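Asks: According to mature numbering (1 follows the signal peptide of the UniProt record, and there is no 0), the stretch in the sequence shown is residues -23 to -1, 1 to 86, in order.
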Amino acid sequence: MKFRIMSTLVLAAVIYSCSPKVAVTAMQPDPVQVPPKIVETNAPNEAVVSALEEGKSLTEKYCASCHKLYPSNAFRADQWPSIIKRMQKKARITDDETALIQNYILSEL
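(1) Please report the Cβ distance between residue 28 and residue 77, rounded to the nearest whole angstrom; I am assuming they are in contact, meaning their Cβ atoms lie under 8 Å.
(2) In whole angstroms, give me the CA-to-CA distance for residue -3 and residue -12.
(3) Using 8 Å as the Cβ pair cut-off and three pairs as the minimum, do the region 51 to 66 and the region 30 to 38 touch?
(4) Using a threshold of 8 Å, state whether the C-beta atoms of residue 74 and residue 35 are closer than that.
(5) With distances taken Cα to Cα, identify the nearest neighbour of residue 37 among -20, 53, 82 and -22.
(6) According to DSSP, is residue -18 helix, strand or coil?
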């Protein structure tokens, strides 16, 4: 019995020692991806300016016709959308006009 165990262990050791060697290599870190440089400009986009001007005129047309205009900072940015949505139904304002009004008011914060 001892002979079988010993011979099995010796055979396992010989087989293990004959197995191919696997070299462990250190992992190379991925090269850092540098994002392209963003060019900042102070000149606003003409389309944005136009949309904000239209939002201002719609605010004066619809909102001021029913009540005094509140300053933009009278409410927090997270409060304005629900206020505007509620007023949209009363003033019968389209979704596009509502978006322009909301963008104008939030841009003034």
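Glycine included, each C-beta is placed from N, C-alpha and C at the ideal position. Nothing here was measured: the structure is a model prediction, and the numbers come from that model.
Replies: Considering the structure as presented:
(1) 6 Å
(2) 16 Å
(3) no
(4) yes
(5) 82
(6) helix
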